[in-house]
Structure formats: C-alpha cells, structure tokens
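Chains as they are written, first to last, in the UniProt record's numbering: chain A, 1 to 307; chain B, 1 to 307.
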C-alpha cells in the first residue's frame, strides 16, 4: 500500500452559521484531510501538534480510520490550537472571531521515520516554514507533493511561502488567493503565472462554483454538486485536498488524466463534508454513499456530443 | 429545415467596461439570439420592432445570416429602443445608465404567417404580455417553447410573468432571479419550485460560473470556458439562449440528454460573445472556430472514472 503523509493542524473549532452554532468541536486541516483520504486504499499518517487538553476520543477517531497518529505531538500543559468563525448568510464569506495559536506557535514538525519515504505528501495550510521543514525531512523524493495555503501567509510570510511553493508539484488555493498571489484577475492568467513559480499543477478552488485544474495549457473543471442544503462549509477545502491527494496516492498515477479523476473525487467528498457541522458527516460516511454520489457527478457533467 | 421563431428586442446599446466604451452599437436580445442560432442548420425569423433611425446595415447583417426579418416592424418617425450600461471591475455586476423604451413602449408583436407553425419558439427577454401574445398567435403547438426573462419583470409585472411561465417548457434565468422568483436560496430548491410553476426544464445561468439544467430530479452542469480575457459580457445570456434553442431546433430532439448538449452549445457560443464588444465577435465567428472550442469544452469537463 502506498503512503500518504499529511501535515496540518489538528484543532478545536467553534462554528456559527445561519443554521446553528457549535461549542468547541474537532477541527483542523489535517483532521479533515485525514478523514477524507481514509476513503482510499492507502497508509496515512498525520504530522501535527495538540495540547494535553485534546480529548483522547478525537485521537481514537483518527486511529479508527487507520490514520497513524504517532506524528501528532502532545505538548504537556499546552493548549490546542483554537479557531472560531462566523459564516454570513450566503455561506460564501466568513469572519474569524478567534484565533488562538497556542501549541502551534512553536510547532517543530517531526516526520515519523517510516513516512520519510511517503509516496505522496499533502502539506495542509500551515506556516510555510513548517511545510518546508517537512519536505527537508523526507529521505526519498515523493512522487507528488501537494500544498494548500491561504491569503494569511501571502500577507505575512510571502518570501517563505514562495520558497516552499518552488518545491511542490501541486498547489491548491481559492480564486481570490490565486488573484492575490499572481496579481492577475483572469484565473487563466493567474494559473499561468503561478505555474512559473514552481508548481506544475495549479488547482483553483471556487467553493460552491467548483474547482479548476491547470497544467501547461490544459484545463479541467469539476463542479460542486448542487445541494439542497449546505450547513457548514468548514473543512470543505481540506476535505477536497484529502480526496485529491488520497486518490493520487492510491492510484500511483500522476498523469493529467488521473488528476482530473482526483479532482472529481475531491469534489465528491467535499460535497458530503458541508452537509453537517464540522467533521460529523465525514465520520459516518460510507464508501457506498461515496460511490452513489460519484455516479451523480458523472451524470452532472458528462454529455455525448460527437465532434 | 426546422423553424425557430425568435422574439425579443433589436436595439442600440452603449456599453462601458473597464476595457473601453462604445457609442451606440447594435444590440438587443433578439439580435444576439439570432446571431447565435445562425450557427445551426435551420430557418429562423425575428419578431421585433425598431424605429426608422435604425440603420439598414444592421438589418442587412441579420439578413446575411439567413435570418428572416419580415417580422421586424419599422415604426415611421419612431426611435429604436436604447440601453446603456456600465460594468464594474469584476464584470459580474453592472449599472444601467439609460433605458429608453421608445418604440418598444407600444410594441404589438406580429408573427409572420409562415412562422405560425415554428418548431421552436424562443421568447427573449421582453414584457411578459408580449411573450404571451406571440404564443397566442401560434397556429400549431411548438415542439418546444423557451422563455428568457429577468428580475425587472418580477418586480413590475409578476402576475403577467407567472401567466406566461405556465405556458413554456424551458425557462432560462440567472441565479439571483431564480432565488427571487422562488423565494428559495438553494438553487436545487429554487429549480424545484419553478418547475411547479410550469416549465418542465429550468436553466439557471451563473455567468462566469456556468449554467445548470434541472428537470425533475435530474441536474446537468455546463461550465463557462475559462478565458484569458473577458471584454464585455453584454449579450452573453442571449447568445447562450440562441445556442440552446438553435441546437434544439436543428436536432428536433427534446430529450434531457439532448438538452445537455444544447446547454454545452449555448455555453460554447456565449464564450465567444464576451471576447469583444457587442456583437463584433459573433459577426465574424466561423463554424470551424466553434467546433474547435467544442473540443475544449469536452476536455474541460470529461473524465474517465469507471464506477
């Protein structure tokens, strides 16, 4: 079985949407990536850090999904990273209410020895120096390195971000971030400029409007599945990244054609994530449900014009 | 050859976008619909009205595209409908600067005798009473009636709009209009409610984010082609409608599968329309260019996951 190494936050989230609010619940980029990637046939491990306030049941959940948690450092007397956000009525924008870095402030990632030869590395949203440090620790060049990031690092750690971006094969960012990073409004031009920064593949996430994959002059588009109700977008982007990197790790095929499939798998898994608060939907989701919805993606997008 | 009857404005537009501005140029929903539908193998006619200030060269252009203009009334001493709009930086929103109804204020549409048995009727955006009047004049039930409308009529002629909506097979509106008409935020729920109002098929246009086709519990999505540059969105929705109705008229097949193809053709033609100001791009567009871009739509959306 191929190995997927996941780096990112394991955290507490408190979320408010027009449909309700939560107390501190399980969250974090690596959590969502790990849960999503667990739908594929692979070995995975998370590199992260939590405080000793982090409940054992959350760790047990990850273990129950066959995720290796030996790379999750537990800091004695430390407090786990906490984020709180309020989504607006259209769910497309949100305000961050609280960000407590806590143990994340001094995080030194340690890649477990048996993952230093991982086939795919998924660098979830974190300080670019942490992302770089993980790549430094690899003893074998991974088949594919995927990086997710956000505007926060463009604002406050751009040189470090540009350094790590040089070293990755795939970058996943949203449309506004692609515009900020490239200085181009047109997403086609933005993707071309970002490819010049290093990543041969650029994935631009547009939330409810789907995702675009650019490579050289080729482009592929995966829609978001139109849903009756969206309750909570938290984690959708990470779930997408987990589906994308998990599918690539399972299939060992990094052709553009297979990346199209990976984008579809990512979109498919993300469509479940938003149906309930936090990780709730992903915890109980079955492979059979995933397969049924994949069929919906097919009929949503496939047509038979002969050219 | 099958017959397509087109109803809508033939007009003057003055357009300003971040990329430039135009004087009074050829515009109008029926103009764009007609130019777009001219890429298919069919007979088409426009029912509309202009003043005698309308240049013969614009009428000649329509005739050169094999569009029957005998249903375009020329009002002596009258002035042609004029619209002027200013697009904002992201091109997704615009302000209407001027609307002069002129001859459109008293427009009584007259369907040419030889189009009272048209196979497909495309009711472009106009007062719903004008749209109804055209349907009243048909002597044979059309195979398909498509209606395009906008929020303006929902605000000021809702009862008349609901009456004509009852009589059509397909409605095309944008996402905000679908929400306004249905009172539902979720587009899935909005489309379900609108289907209860009459149209068995609901097309929701999302501009640069593509278009959705709903029928019973089925849904299909066509992306907009990612473009390097968009100069002027004016007429894109009408060009889409012309491609949709033109393809259906040519193929005589109103199955859901064929409507998927029609949506792709509509999106394909609309992707050209926005590349230059006004009707400029559509006037010189060749069938070969259309075929090449159709291939791009295919690689943009088609994937090969076996389920």
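Don't be surprised by glycine CBs; every beta carbon is placed ideally from N, CA and C.
Which residues in the same chain as residue 167 of chain A place their Cβ atom closer than 8 Å to its Cβ, once the five residues preceding and following it in sequence are excluded? The beta carbon of residue 167 of chain A sits closer than 8 Å to those of 132, 135, 145 and 198, all from its chain and outside the five residues before and after it, given in chain order.
According to the neighbour-count rule (16 or more other Cβ atoms, all chains shown, within 10 Å of its Cβ), is residue 259 of chain B buried or exposed? By the neighbour-count rule (16 or more Cβ atoms within 10 Å), residue 259 of chain B is buried.
Please list the terminal residues of the continuous beta strand (DSSP E) segment that includes residue 27 of chain B. Run containing residue 27 of chain B: 25-27, per the beta strand (DSSP E) assignment.
Chain-ordered neighbours of residue 301 of chain A on chain B, where CB pairs are closer than 7 Å: Listed along the chain, the chain B residues whose CB falls inside 7 Å of the CB of residue 301 of chain A are 221 and 301.
How should residue 88 of chain B be labelled, buried or exposed, when 16 other C-beta atoms within 10 angstroms of its C-beta is the threshold for buried? Residue 88 of chain B is exposed by the Cβ-count criterion.
In this structure, does DSSP put residue 115 of chain A in helix, strand or coil? DSSP places residue 115 of chain A in helix when its eight states are reduced to three.
For a cutoff of 8 Å on Cβ pairs, would you count residue 257 of chain B as touching chain A? Contact of residue 257 of chain B with chain A is assigned, a C-beta pair being separated by under 8 Å.
Answer yes or no: does any C-beta atom of chain B fall closer than 8 Å to that of residue 203 of chain A? For residue 203 of chain A, no CB of chain B lies under 8 Å from its own CB, so it is not counted at the interface with that chain.
Using the three-state DSSP reduction, which class does residue 105 of chain B fall into: helix, strand or coil? In the structure shown, residue 105 of chain B sits in a helix (DSSP, three-state: H, G or I).
In chain order, what residues of the same chain have a beta carbon less than 6 Å from the beta carbon of residue 266 of chain A, not counting five sequence neighbours either side? 240, 243 and 244.
Which residue marks the beginning of the alpha helix (DSSP H) containing residue 258 of chain A, and which one marks its end? Residue 258 of chain A -> alpha helix (DSSP H) spans 256-273.
Chain A within 8 Å of residue 199 of chain B, Cβ atoms only: So, not an interface residue.
Environment of residue 63 of chain B [buried if 16+ CB atoms lie within 10 Å]: Its Cβ having fewer than 16 others within 10 Å, residue 63 of chain B is exposed.
Sequence-distant residues of its chain with Cβ nearer than 7 Å to residue 194 of chain B (five each side left out): Excluding residues within five positions, the ones whose Cβ falls inside 7 Å are 171, 178, 181, 182 and 202.
Buried or exposed, going by whether 16 or more other CB atoms sit within 10 Å of the CB of residue 291 of chain A? Looking at its Cβ environment, which holds fewer than 16 other Cβ atoms inside 10 Å, residue 291 of chain A is exposed.
Does the distance from the CB of residue 221 of chain B to the CB of residue 227 of chain B come in under 8 Å? Contact: no.
Environment of residue 105 of chain B [buried if 16+ CB atoms lie within 10 Å]: Looking at its Cβ environment, which holds fewer than 16 other Cβ atoms inside 10 Å, residue 105 of chain B is exposed.
Whole angstroms is fine: what's the gap from residue 255 of chain B's alpha carbon to residue 282 of chain B's? Whole-angstrom Cα-Cα distance: 28 Å.
May I ask which residues mark the beginning and end of the alpha helix (DSSP H) holding residue 286 of chain A? Looking at the DSSP string, residue 286 of chain A is not in any alpha helix (DSSP H), and its letter there is neither H nor E.
Taking residue 103 of chain B and residue 5 of chain B to be in contact with their CB atoms under 8 Å, please state how far apart those CB atoms are, rounded to whole angstroms. The beta-carbon distance between residue 103 of chain B and residue 5 of chain B, rounded to whole angstroms, is 20 Å. This is too long to meet the 8 Å contact definition.
So residue 250 of chain B is in the alpha helix (DSSP H); what residue range does that whole segment cover? Where residue 250 of chain B is concerned, the enclosing alpha helix (DSSP H) stretches over 236-251.
When B:31, B:229, B:158 and B:214 are compared against residue 189 of chain A, the one with the closest alpha-carbon: Distances from the alpha-carbon of residue 189 of chain A to those of B:31, B:229, B:158 and B:214 put B:229 closest.
So, is residue 140 of chain A buried or exposed, given that buried needs 16 or more other C-beta atoms within 10 angstroms? Within a 10 Å sphere around the beta-carbon of residue 140 of chain A sit fewer than 16 other beta-carbons, which makes this residue exposed.
Residues of chain B with a CB under 7 Å from the CB of residue 228 of chain A: which are they? Residues of chain B with a Cβ closer than 7 Å to the Cβ of residue 228 of chain A are, in chain order, 186, 188 and 189.
Starting from residue 41 of chain A, find everything on chain B with Cβ-Cβ shorter than 7 Å and list it in chain order. Here the premise fails: no neighbours, minimum Cβ distance about 15 Å.
Under a CB-based cut-off of 8 Å, is residue 305 of chain B close to chain A? Chain A contact via Cβ: present.
DSSP three-state label for residue 87 of chain A, please. Strand, per DSSP.
Are the beta-carbon atoms of residue 246 of chain B and residue 70 of chain B separated by less than 8 Å? At the C-beta level, residue 246 of chain B and residue 70 of chain B stay beyond 8 Å of one another.
Helix or strand or just coil, what does DSSP make of residue 68 of chain A? Residue state for residue 68 of chain A is assigned as strand, using DSSP reduced to three classes.
Label residue 108 of chain A either buried or exposed according to how many other C-beta atoms from any shown protein chain fall within 10 Å of its C-beta, with 16 as the threshold for buried. Label assigned to residue 108 of chain A: exposed.
Rounded straight-line distance, which links the Cα of residue 93 of chain A to that of residue 118 of chain B: Spanning the two alpha carbons is a distance of roughly 47 Å.
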